[in-house]
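Q: In full-length UniProt numbering, the protein residues as written are 1 to 389. From the three backbone atoms N, C-alpha and C, an ideal C-beta is built for every residue, glycine too.
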Ligand SMILES: *Cc1c(COP(=O)(O)O)cnc(C)c1O
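1. Hey, out of 104, 132 and 43, whose CA is closest to residue 360's CA?
2. Can you name the start and end residues of the beta strand (DSSP E) that residue 75 belongs to?
3. Grab me the residues of residue 61's own chain with a C-beta within less than 6 angstroms of its C-beta, minus the 5 sequence neighbours each way, in chain order.
4. Taking residue 340 and residue 366 to be in contact with their CB atoms under 8 angstroms, please state how far apart those CB atoms are, rounded to whole angstroms.
5. Any heavy atom of ligand 1 inside 8 angstroms of the beta-carbon of residue 384?
6. Could you tell me which residues DSSP puts in a beta bridge with residue 150?
7. Below 7 angstroms CB to CB, which residues in the same chain sit around residue 323 once its five sequence neighbours on both sides are set aside?
8. Do the region 168-188 and the region 141-152 meet, that is, are 3 or more Cβ pairs less than 8 angstroms apart?
9. So which of 331, 353 and 260 has the shortest CA-CA distance to residue 374?
10. Secondary structure at residue 166, three-state DSSP: helix, strand or coil?
11. Can you tell me whether DSSP reads residue 111 as helix, strand or coil?
12. Would you kindly work out how many angstroms separate the C-alpha atoms of residue 141 and residue 164, rounded to a whole number?
13. Answer yes or no: does any C-beta atom of chain C fall closer than 9 angstroms to that of residue 111?
14. Should residue 235 go down as buried or exposed, given a rule of 16 or more other Cβ atoms within 10 Å for buried?
15. For my contact list, residue 267 and residue 369 are in at a C-beta cut-off of 8 angstroms; report their separation, rounded to the angstrom.
16. For the region 188-220, which segments carrying the beta strand (DSSP E) assignment without a break, of at least 3 residues, lie completely within its bounds, in sequence order?
17. Short check: CB of residue 304 to CB of residue 119, under 9 angstroms?
18. Rounded to the nearest angstrom, what separates residue 311 and residue 281 at their Cα positions?
19. From the DSSP output, in three-state form, read off residue 143 for me.
20. Using only the heavy atoms of ligand 1, determine whether one of them is closer than 8 angstroms to the beta carbon of residue 215.
21. Should residue 253 and residue 208 be called a contact, given that it needs their Cβ atoms to be closer than 9 angstroms?
22. Identify which residue in 133, 356 and 168 has its Cα closest to the Cα of residue 343.
23. In terms of alpha-carbon separation, which member of 334, 22 and 57 lies closest to residue 210?
24. Nearest by alpha-carbon distance to residue 258: which of 172, 184 and 161 is it?
25. Helix, strand or coil: which one does DSSP assign to residue 281?
26. Going by the C-beta, is residue 392 closer than 8 angstroms to any heavy atom of ligand 1?
27. Report the option in 136, 204, 187 and 84 whose CA atom is closest to the CA atom of residue 171.
28. How close, in whole Å, do the beta carbons of residue 326 and residue 337 come, if the pair is a contact with beta carbons under 8 angstroms?
29. Locate the beta strand (DSSP E) running through residue 82, then write down its first and last residues.
Next comes the structure, spelled out in structure tokens:
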């Protein structure tokens with residue numbers, strides 16, 4: 001184990017015999033065996049090796065090894081999207097009759113999984129509010145098997161105490177799953193606090209340039225064995241090309257995150273006292289309700305800020321239409337700054353009441369701070385605020 005940056009760059013699972021310096025792309029569905037006996041032994045899992053790209057591929061193995069070093073986890077699988085990872089982590093480890101306790105502020109599609117998909121198979125769930133975390137014990141049922149949380153949450157930027165979650169899960173013998181997408185392993189490593197499974201949408205900051213979809217399920221060998229079994233036979237595998245892109249992206253994650261976070265803090269501070277905004281939320285702003293907790297468990301504040309515009313939905317839409325540089329799209333964690341209006345897009349499937357419970361007001365804007373110069377990002381926002389009055 002070297003430093004984070006060094007491991008992310010130097011750990012490499014695959015080497016061909018061509019003496020290449022940069023990792024090659026292995027576009028091959030299957031891999032050959034030297035003998036009938038070797039084929040038998042590989043299928044019997046007596047020896048390790050590449051069999052078929054639905055199981056593993058040198059590029060996905062590369063990606064997994066780099067991310068495991070970053071997260072401090074033993075093993076994992078890479079999936080075709082973040083949602084395949086969220087779904088797989090639950091579907092592989094739970095069965096009919098089980099119950100999930102989850103934090104209420106979840107990514108929109110994860111909310112759909114819990115409320116519309118898993119109930120079809122007899123897996124139920126209950127949401128806990130972060131403001132009421134002391135009472136989560138009361139939400140546990142005899143059949144509760146999993147605690148699923150997201151911190152910081154999307155888009156509300158609520159922070160859950162990972163140390164508390166690790167202890168709570170251990171006490172109640174729950175599998176703790178943490179969606180670590182917003183923080184990335186560079187800012188926070190949930191496994192250190194007792195998370196059994198860490199999931200990612202690698203589509204976001206891990207890719208960092210808005211090119212490919214990908215997901216990760218990481219954890220200790222024992223649990224990951226069950227996830228691997230599930231994935232091998234249900235087929236959510238990542239494509240070798242996407243895994244290759246994401247493994248390369250891991251090499252620059254630390255420097256990119258440093259810049260995303262540095263600019264985000266400057267921008268959040270700049271707009272904090274703006275009279276056109278009801279609220280500016282960023283984990284490393286002193287005014288964030290969980291500032292101390294964010295400082296304790298995150299290296300930096302992350303690349304996402306929320307701005308609550310005065311004037312509700314119509315103001316938010318006028319503001320968006322006045323932007324000249326910042327992209328209007330549903331992604332985040334890109335080199336390009338992105339603005340999203342959750343109430344009318346990513347979280348539009350939630351009822352107004354559900355949105356209110358997770359702090360998504362009509363005027364809330366999610367800003368994913370990109371790698372452009374922070375002054376240009378600030379200028380674009382300031383202009384659009386002025387023009388949308
Ligand atoms: C985007 C996102 C996901 C889903 O990932 P995809 O790669 O889009 O499938 C899950 N969780 C969080 C927190 C996200 O931001």
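A: Based on what the coordinates show:
1. For this step, residue 360 is matched to residue 360 along the chain shown. Comparing Cα positions, the closest option is 104.
2. Here residue 75 corresponds to residue number 75 of the chain shown, with the count starting at 1. It spans 75-79 - the beta strand (DSSP E) in which residue 75 sits, taken as one unbroken run.
3. Mapped onto the chain shown, residue 61 falls at position 61. Excluding sequence neighbours, residue 61 sits near 13.
4. Start at 1 with the first residue of the chain shown, and residue 340 comes out as number 340. Start at 1 with the first residue of the chain shown, and residue 366 comes out as number 366. The pair is a contact, with the Cβ atoms about 5 angstroms apart (cut-off 8 angstroms).
5. Locating residue 384 in the chain shown gives position 384, counting from the first residue. Because no heavy atom of ligand 1 lies under 8 angstroms away, the Cβ of residue 384 does not count as near it: no.
6. For the purposes of this step, residue 150 is identified with residue 150 of the chain shown, where counting begins at 1. Paired residue(s): 179.
7. Taking the first residue of the chain shown as 1, we reach residue 323 at position 323. Closer than 7 angstroms at Cβ, skipping near neighbours: 339, 380 and 384.
8. Taking a cut-off of 8 angstroms for Cβ pairs, the region 168-188 and the region 141-152 touch, as three or more such pairs fall below it.
9. Translated into the one-based positions of the chain shown, residue 374 becomes position 374. Ranking 331, 353 and 260 by Cα distance to residue 374 puts 260 first.
10. As a working mapping, residue 166 is identified with position 166 in the chain shown. Correct three-state label for residue 166: helix.
11. Looking up residue 111 in the chain shown gives position 111. Residue state, collapsed to three classes: helix.
12. Start at 1 with the first residue of the chain shown, and residue 141 comes out as number 141. Start at 1 with the first residue of the chain shown, and residue 164 comes out as number 164. Each residue's Cα considered, the two are about 19 angstroms apart.
13. Absent from the structure is chain C; it holds one protein chain and no more.
14. As a position in the chain shown, residue 235 is number 235, starting the count at 1. That one is exposed.
15. As a position in the chain shown, residue 267 is number 267, starting the count at 1. As a position in the chain shown, residue 369 is number 369, starting the count at 1. At roughly 6 angstroms, the Cβ-Cβ gap stays under 8 angstroms, so residue 267 and residue 369 are in contact.
16. 197-201 and 215-219
17. Working through the chain shown from its first residue, we reach residue 304 at position 304. Working through the chain shown from its first residue, we reach residue 119 at position 119. Not in contact: residue 304 and residue 119 (Cβ atoms no closer than 9 angstroms).
18. Taking the first residue of the chain shown as 1, we reach residue 311 at position 311. Taking the first residue of the chain shown as 1, we reach residue 281 at position 281. Annotation: residue 311 to residue 281 spans about 18 angstroms, alpha carbon to alpha carbon.
19. Looking up residue 143 in the chain shown gives position 143. Coil, per DSSP.
20. As a first step, residue 215 must be located in the chain shown, where it is residue number 215. Yes, the Cβ of residue 215 comes within 8 angstroms of a heavy atom of ligand 1.
21. The residue given as residue 253 occupies position 253 in the chain shown. The residue given as residue 208 occupies position 208 in the chain shown. For residue 253 and residue 208, yes; Cβs fall inside 9 angstroms.
22. Numbered from its first residue, the chain shown carries residue 343 at position 343. It is 356 whose Cα lies nearest to the Cα of residue 343.
23. By 1-based counting over the chain shown, the position of residue 210 is 210. Ranking 334, 22 and 57 by Cα distance to residue 210 puts 334 first.
24. In the chain shown, the residue the question calls residue 258 occupies position 258. Minimum Cα distance to residue 258 is reached at 184.
25. Along the chain shown, read from residue 1 onward, the residue named residue 281 stands at position 281. Correct three-state label for residue 281: strand.
26. Residue 392 cannot be examined here, being either before or after the span of the chain that is shown, 1 to 389.
27. To locate residue 171, count along the chain shown from 1; it is residue 171. Among 136, 204, 187 and 84, the Cα nearest to that of residue 171 belongs to 136.
28. On the chain shown, position 326 is the one that residue 326 refers to. On the chain shown, position 337 is the one that residue 337 refers to. Residue 326 to residue 337, Cβ: 5 angstroms. Contact.
29. Locating residue 82 in the chain shown gives position 82, where the first residue counts as 1. That residue, residue 82, is in no beta strand (DSSP E); its alpha helix (DSSP H) goes 82-93.
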